[in-house]
Every structure is written in C-alpha cells, then in structure tokens.
Amino acid sequence: MKFILSAILLFFACITYGQRADWKGSWITNTEDTTATKAPYFRKTFKLQKKVISATAYVVGVGYHIVYVNGKPVTDAVLEQAYTRYDKRLLYKVYDVTALLSKQNTITQSIAAELGNGWYNIQSHAVWGFQNAPWRKTPRLLLDLVIKYTDGSSETIATDDSWKCATGPSQFNCLYTGEIYDARQEVPGWNQPGFNDASWAHALKTSSPGGTLYEQVMPSIKVIRRIKPVSVKNLGNGRYLFDMGQNFAGVATLRVKGKAGTKVTMYYGEVVKDGELDMKHNTEHMRSMPGELRFQTDVYYLKGSGNETFTPRFVYHGFQYVQVETDNTLPLDIHSLEGLFYSTDFKEAGHFTSSDTMVNKLYAAARQSYRSNFLSIPTDCPQREKNGWTADAHVSTEVGLWNYKSAAGYRKWLDDVSDAQTADGAMPGIIPSNGWGYDIPGDEEHTFGPAWGSALSFVTWYMYLYHGDTALVQKHYPAIKKYTDVVAKEAEGYLFKYGLDDWMSLVQTPRTFTSTAYFYTDAVLTAKMARILGNKADEATYTKLADSIRAAFNRTFFDPATGHYKDSTMTALSAAVFHDLASPEVATTAVGQLVAKVQRSNYHADFGVMGTKYVLPVLSERGYGDVAFRMLTDTGYAGWGHWIAHGATTLFEDWPGELSHNHIFFGDYCAWFYKTLAGIRPDEEAPGFKHFFLQPVFAKGLNFVKADYESRYGVIKSEWRRNGGGVRFSFEVPVGTTATVRLPAGVLVSPKVKRVVIVGQALDEVVVGGGKYVFDLKI
Ligand code: BGC
-6 MKFILSAILL
4 FFACITYGQR
14 ADWKGSWITN
24 TEDTTATKAP
34 YFRKTFKLQK
44 KVISATAYVV
54 GVGYHIVYVN
64 GKPVTDAVLE
74 QAYTRYDKRL
84 LYKVYDVTAL
94 LSKQNTITQS
104 IAAELGNGWY
114 NIQSHAVWGF
124 QNAPWRKTPR
134 LLLDLVIKYT
144 DGSSETIATD
154 DSWKCATGPS
164 QFNCLYTGEI
174 YDARQEVPGW
184 NQPGFNDASW
194 AHALKTSSPG
204 GTLYEQVMPS
214 IKVIRRIKPV
224 SVKNLGNGRY
234 LFDMGQNFAG
244 VATLRVKGKA
254 GTKVTMYYGE
264 VVKDGELDMK
274 HNTEHMRSMP
284 GELRFQTDVY
294 YLKGSGNETF
304 TPRFVYHGFQ
314 YVQVETDNTL
324 PLDIHSLEGL
334 FYSTDFKEAG
344 HFTSSDTMVN
354 KLYAAARQSY
364 RSNFLSIPTD
374 CPQREKNGWT
384 ADAHVSTEVG
394 LWNYKSAAGY
404 RKWLDDVSDA
414 QTADGAMPGI
424 IPSNGWGYDI
434 PGDEEHTFGP
444 AWGSALSFVT
454 WYMYLYHGDT
464 ALVQKHYPAI
474 KKYTDVVAKE
484 AEGYLFKYGL
494 DDWMSLVQTP
504 RTFTSTAYFY
514 TDAVLTAKMA
524 RILGNKADEA
534 TYTKLADSIR
544 AAFNRTFFDP
554 ATGHYKDSTM
564 TALSAAVFHD
574 LASPEVATTA
584 VGQLVAKVQR
594 SNYHADFGVM
604 GTKYVLPVLS
614 ERGYGDVAFR
624 MLTDTGYAGW
634 GHWIAHGATT
644 LFEDWPGELS
654 HNHIFFGDYC
664 AWFYKTLAGI
674 RPDEEAPGFK
684 HFFLQPVFAK
694 GLNFVKADYE
704 SRYGVIKSEW
714 RRNGGGVRFS
724 FEVPVGTTAT
734 VRLPAGVLVS
744 PKVKRVVIVG
754 QALDEVVVGG
764 GKYVFDLKI
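The sequence shown lines up with residues -6 to 772 when you count with the working numbering.
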C-alpha cells in the first residue's frame, strides 16, 4: 500500500515539476565582467525550409529576459523568469511562438533577447549582501527554439557562439536603485530579421549558473492593473509630483516630448513631506556607492524624436508617489505618467464583502499589500528590501490561499525554502538567501529563531489544509523533520531561548515565550504530517516531543498559584491559547484576561506580527467575535483601522507608520474575514474542502457579509443578512463535498440540529451535502 502511494505521488511530482532533458543550446553571455552595467542584446537569424506545425522557445535568461521572435515579444509577462537560488535551481520558461514565425519558408527570421540583472547580478550594495551572492555572474542565456515540421521532422535553433551580441540603450539596472535608459542609444530594428549585425560581436560561450533546470510552473509576473495618477503638482524648476492615489508594486510609464538628451529622473516613494517626496524611511539599509542612483530611481534620456514612451524593463518599485525631475523644462501633465501594478499573475480564488465600509477598505488593503508582495516570491515589502522574509511569508499564506489561486507560487517557494536549508537542517530568515540570514546564536541582529524558520512546516501545512496536497507533505517532510530536530537541539530543557520577538509590537512578550510556542507547533505539525504519511514511529516521537515542550512551557510561564500566565501581553495570552499550549481551563481564564485587556486598552492593538495571527481568532473562537470585530475596525491608535482612517491603501510595517507602508504581515485578518465573518473553515480531517465547516460569527455592527471561495471541488458561498427580527443565512456547498454548519445554540428552528459544545460554547450542528441552502435564524 505504502509503495503504491509513493509511486502515485512520484508520478504526480514528475508531472508537476516537468524537466526537459535534451537541451541543445549552450549558455552564452556578452562579457564576464559583473561590473559592466549595460544590458546585453543577443540575436540570431535563421531560415526554415519546410512547413512549420509548431515552434516552442525554451528559455532560461538570468536575471531577467525579454525574448523576441521576428521583433515581437514572446509574452506579455514582465521580469521573466522567477527568482530562485540560481546555483541550485533554474526555472525555464516555455513559450509557444508558432504564431510569431513567418509561414513563408526561405524568408529570413530572427530570435533575439535582452537580459537584465535581476537578482542574479545585483550591482548596488545593501546590507543583505546580494552584491556578494555566491551565484553572482553576468546575465546569461540558454535558449532552444524547437521547430516541428508537418513532415514529422524537427529542428532546433539553439544558443551558441554563432549568436551575435551588443549593448543597447539600457545603461544600468538594479532592483534596488533603478534603471537608466538612454533612448539616444536605441538600435532601431535590432531584434528584427533584416537588421545588419555585421558589426556586432559573437556571443561568448559561458558557464551555467549551476542550478538544475525545471520548468517554471508558477504564473509569471504581469501588469495586473494600470493606475492613473489622481493628481500632479508642478513643484517648479522642471519638477513634478505625481500622486497615484494608492500604494502598489510596479513601475511608471512616462510619456514625454522634448529635446534629445533631456534627462528625466523618476523618483519613486511612499511618503510626501513638506510637499516633496521623502524616501528616507526606506533607504537606511542601502549602501549606495558614490555617483550611483540613490534608491528607486529611473532615469530616461530623450532621443528627441517626438512623442516618446519609457517603461523601465528590469526593475520594480514600491510607491504611491513619483517625483519627476527634468534638466530641461518639459511640460508634463496628469497624462504624462501611468502606473503599472506588477504582481505574480494569480487568478482570483475568493471574494468577500460586507455592509461595513471600514471592513471593505481593510479587505482591499490586505489584498493590495498581498499582491504588492508576491512577485515570484512572497516578499516583506516591495520597496526597501523585496526579501523573502520567512515569517512574513507564512503569516500571510492563508490570505493568499483564500483570495488567489496562489498554490503554484507556494509550491515553488517551498522548493526555494528546501534549497535554503543547510545540510545541518538550519533555515535562514530570508529565502532565497545568498548566505545571509542564518541564525548566529548570541548575535541578536542575526537570530531569527523558529517563528521565522518554521515557514516550511507552516506553508506546507496550509497547502495540505486548503488544497489537500499530500504530495507536498511527502516531498517536504524530511526537511521539516530535520528542521524540527535542529530547533530541538538548540533548545534548552525544551525551551527555545532566542529568535526575533513579537516584531513591531509596542509591548514586548519574552522571546522564549513566543519562540517556544513556535517550537511546540513545529513538533505538533511534524507529528501530524508523520500521521498523514502513515509514519507511526515519527508520529509517536514528535507527539512526545510536543508533550515535553508543552510541559516545560507551562512549568516556566504558568503560575499555578494565581492560575494565570506570568506574561499577560495580548500576544502571550492569545499565543498560549492559539497554539494549544494552555489546558482548557487555563485557556478560558487567559481569554477572559485577554478580553479585559482589550477593553482596557480601548480596543487597541497592543501586539505585533505574532499577535496579529492569534488575537482575533482566539477572541472570536471563544465567543468574543464582537470584541474582535471592534478591535479590528477601531480607528484609534494603534490598530489597523487607524491606518485606514488616515488614508492608507496598503498595510504598514509598524503601527506608527514610520517604516514601510506596504507590508503584508499584519494582514491575516483578511483570512479571518473568510473563516470567521463568513465562517468558511477547512477541516484538517478532510483537507482541500472535501468536508468543511460553516460557522459564521454574526458580529455586532454588521448587517451583511458575503463571501465565495473556489475550492478544488467547486465554489463555496456563504452570505448572511439581517432582516427585521433575524438573520437569513444562505450558503452553497459544492457537489462532492459535505459541510457541517455550526450556529449559536437555539437560533435555527429547522432542519433538525444536534447540540454540541466546542471550546466552551454551545452550538447547534447540522451536516449538509452539495446544494444551495437558506436558513432563517432567530438572532
Ligand atoms: C522586514 C520584516 C522582517 C524583519 C525580520 C524587516 O526588515 O521588513 O518584514 O520580517 O525584518 O527581521
């Protein structure tokens, strides 16, 4: 049985992670000098002798590539290809270019590519050290254009040193600092078949970046929305400030007309101070070299040929404002600039709306932050770092899974996570990592601990819960187990004593408390995954480990004399309950303390990133949904509502709003909207929504809530609306699934219900199969 399961899983793994074996091309570059800044062009012409049935381009072009066939781009995606640890894993793109080839044989045709640096050749310096990445080399290309003919034969046009190369208008590109483009140096027709490349050099055959080649299965980054400025202010002296009205990730397209050589500089940022763009809050980690662009800056030199359009190709920024400065006054207006919102092109999976404007704004802000922070990897922020911070990724995974069909993105990132694990099992705080970010115990700046390092177990677990992805559990289980073992080895008496604390909290909870809570959950998840895989021995080992951690945790932090935890921050109280570290009686006391604390603090969020995952669900799960709802929507400082009331369109990194204005890690309430207000909850015993729960919280202040979610089995819908004396609850259960509806005891007259008590609450339960339902509730 076990063998059959493994064989099936392996079969699916091969399908999901396609690997092409017969590459004909060689790696090519134009130079081996990593300090050379101009983006290279490559081209090759060819003639076809027979009738073509299909043409497919297999491309790996790192850092970024733009490929053209007969002068036309092969995709509308941007920043191709996905970021990986290039020396371990390379994702090749497959483009169907049949339609771009001329059907007329004997005609000369062309294939061409331009390469950007991306994360492969970071040229500007910053504290995370990507400028010293072990994989860093000049951009390079591997390409096979496979042409199949109607007579069954085929031909491959592959990269080699017969390709020609040169440089063009792109003078410099770096993800941190920006792009410099001199339109006077454009080479008209360079990617067209008829271009004369006699003066171009031959490409150099070069080494592979080292990674194993896999097909890129996850969606590419695309322009997901075009954003028009809401205002433009003329600041005088050829300087203009464009306000895009919302914060997002991407670039701006500039439309200008002027004299050749006019320099236009576009500064991107999130904050305006004294009427001008202020980037200071985002630049402290940069270590720019003299004469370099400062940060998030694109420069365009006009060619002077009438209407000109410039869109940076190899960078992206996080911004709401663009300050445009010219050295030769240009008459710019609101039509001169447009924003391009970049994100991984995930399709929508879920939607949520309600009768409350603040809730709807919060929902939109979380989605906007999420989209700004998934550009081929989940990131912390789109401006300052663009790093795959592990805690930021795992605390926002559920936001991603509810709202978007993002599973392929997480499968890919989990590969990155396992690539980052050292032979000893250690995990870095950012992934991909260039070596920076592994825990150095004793060095406070460099100890991230299990709250960050557990991303592999948490994200794998969510993928199991939401998508029933057992193959993924099978694939990553050995690494998950290894990580739990490392954490166990570093622990002292089952307590984990270092790691980042409740990041960005205004009130601190001891890190031994929060790190040990994560260590406990690592052991619990490892045991659960062992059970899923039928590994009884491991299940017993990790259950025992979890029990020992729980006992040590309660011995250390619980005071039997008072019946309370010694630490009574909102995070401590809710963490003990959320992670199931507290016994049922103690949990009830802790929740009581938490409610009192929230009320005493005037419903303010006295917690950080960790608390954001615990406080709302712990309150609503134990009958205090109204308290949670009020806390979430309160507009006083500190809290989410405060940001929104002050005009935020994305979530901030810190409550005062002094750091990044586009972080996703405070956004878990968006998953809570689906799970709690709409009440749709996955069931770990029947994952992937084969069976699920419908348990809405009818929070005071809300008149209606409406949500839908496209599960593997079909769309689940949940909607409730107050009507005169009661609530009408309408929902839809996909055929092939069942749902257990749980409602406050006594509110449902028919159908027949079963009374249950869950975490101290009396609920009425009814199990339904696929279909549409309307229940009238006496609330
Ligand atoms: C990032 C955070 C991250 C943290 C951890 C920050 O610079 O922006 O989101 O989790 O560092 O150290």
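Glycine included, C-beta positions come from ideal geometry on N, C-alpha and C. Keep in mind it's a predicted model, so treat the numbers as computed, not measured.
Residue i CB to nearest heavy atom of ligand 1 below 6 angstroms
| i | result |
| --- | --- |
| Asp661 | no |
| Asp647 | no |
| Trp406 | no |
| Ala14 | no |
| Trp193 | no |
| Trp112 | no |
| Asp385 | yes |
| Asp271 | no |
| Asn373 | Reading off the sequence, residue 373 comes out as Asp, not Asn. Yes, ligand 1 has a heavy atom inside 6 angstroms of this Cβ. |
Boundaries of the alpha helix (DSSP H) in which residue i is found, first to last residue
| i | result |
| --- | --- |
| Arg543 | Lys529 to Phe550 |
| Thr605 | Val602 to Glu614 |
| Asp175 | From DSSP, Asp175 is part of no alpha helix (DSSP H) but of the beta strand (DSSP E) over Gly171 to Asp175. |
| Asp409 | Ala400 to Ala413 |
| Leu566 | Met563 to Phe571 |
| Met456 | Ala448 to His460 |
| Pro577 | Pro577 to Arg593 |
| Leu355 | Thr350 to Ser365 |
| Lys273 | Lys273 to Thr276 |
For residue i, three-class secondary structure by DSSP
| i | result |
| --- | --- |
| Asn240 | strand |
| Ser(-1) | Here the model assigns Ser(-1) a pLDDT of 45, short of 50, so the residue's position is not dependable, and the following value carries that caveat. It is helical. |
| Val749 | strand |
| Asp619 | helix |
| Ala14 | coil |
| Gly707 | strand |
| Trp382 | strand |
| Ala32 | coil |
| Arg504 | helix |
| Ser433 | The amino acid occupying residue 433 in the given sequence is Ile; Ser does not appear at that position. Residue state, collapsed to three classes: coil. |
| Phe724 | strand |
| Thr152 | coil |
| Gln376 | coil |
| Phe4 | For Phe4, the pLDDT reaches just 42, beneath the cut-off of 50, and the residue's location in the model is therefore unreliable, although a value from the coordinates is still provided. If DSSP states are grouped into helix, strand and coil, Phe4 belongs with the helices. |
| Met(-6) | With a pLDDT of 43 at Met(-6), under the threshold of 50, the predicted position of this residue should be treated as unreliable, though the coordinate-derived value follows. Coil at Met(-6), not helix or strand. |
| Lys469 | In the sequence on display, residue 469 carries His and not Lys. Looking at His469 - three-state DSSP - the assignment turns out to be helix. |
| His597 | coil |
| Leu770 | strand |
| Ile657 | coil |
| Trp112 | coil |
Residue interval of the beta strand (DSSP E) (run including residue i)
| i | result |
| --- | --- |
| Cys158 | Lys157 to Thr160 |
| Asn166 | Ser163 to Cys167 |
| Phe345 | Gly343 to Ser347 |
| Glu758 | Gln754 to Val761 |
| Pro737 | Thr731 to Pro737 |
| Asp560 | Taken as a continuous stretch (DSSP letters only), Asp560 belongs to no beta strand (DSSP E), as it is neither H nor E. |
| Leu108 | Thr101 to Gly109 |
Distance between beta carbons of residue j and residue i, contact taken as under 8 angstroms
| i | j | result |
| --- | --- | --- |
| Tyr363 | Ile657 | 5 angstroms |
| Lys44 | Tyr142 | 6 angstroms |
| Lys683 | Tyr667 | With 8 angstroms as the limit, Lys683 and Tyr667 do not qualify as a contact, their Cβ atoms being about 18 angstroms apart. |
| Thr30 | Thr131 | That pair is no contact at about 10 angstroms. |
| Val210 | Tyr335 | The Cβ separation is near 20 angstroms, so there is no contact. |
| Gly332 | Met237 | 5 angstroms |
| Ile751 | Val726 | Not quite, the Cβ-Cβ distance comes to about 20 angstroms (not below 8 angstroms), so this is no contact. |
Residue i: CB within 6 angstroms of a non-hydrogen atom of ligand 3
| i | result |
| --- | --- |
| Trp382 | As for ligand 3, it is missing from this structure, which binds only ligand 1. |
Do the region 551 to 566 and the region 592 to 601 meet, that is, are 3 or more Cβ pairs less than 8 angstroms apart?
Here the region 551 to 566 lies against the region 592 to 601, with 3 or more beta-carbon pairs under 8 angstroms apart.
Segment contact flag, the region 369 to 389 with the region 399 to 410, C-beta cutoff 8 angstroms, min 3 pairs:
By the criterion of at least three beta-carbon pairs nearer than 8 angstroms, the region 369 to 389 is in contact with the region 399 to 410.
So, do the region 672 to 689 and the region 709 to 720 have three or more beta carbon pairs nearer to each other than 8 angstroms?
Three or more pairs of CB atoms, one per stretch, sit closer than 8 angstroms, so the region 672 to 689 contacts the region 709 to 720.
Pairs of beta-carbons, one from the region 475 to 494 and one from the region 446 to 458, closer than 8 angstroms: are there three or more?
The region 475 to 494, when compared against the region 446 to 458, does touch it at the 8 angstroms Cβ threshold.
Are the region 162 to 181 and the region 280 to 299 touching by the rule of at least three beta carbon pairs closer than 8 angstroms?
Yes: the two stretches touch, three or more of their Cβ pairs being nearer than 8 angstroms.
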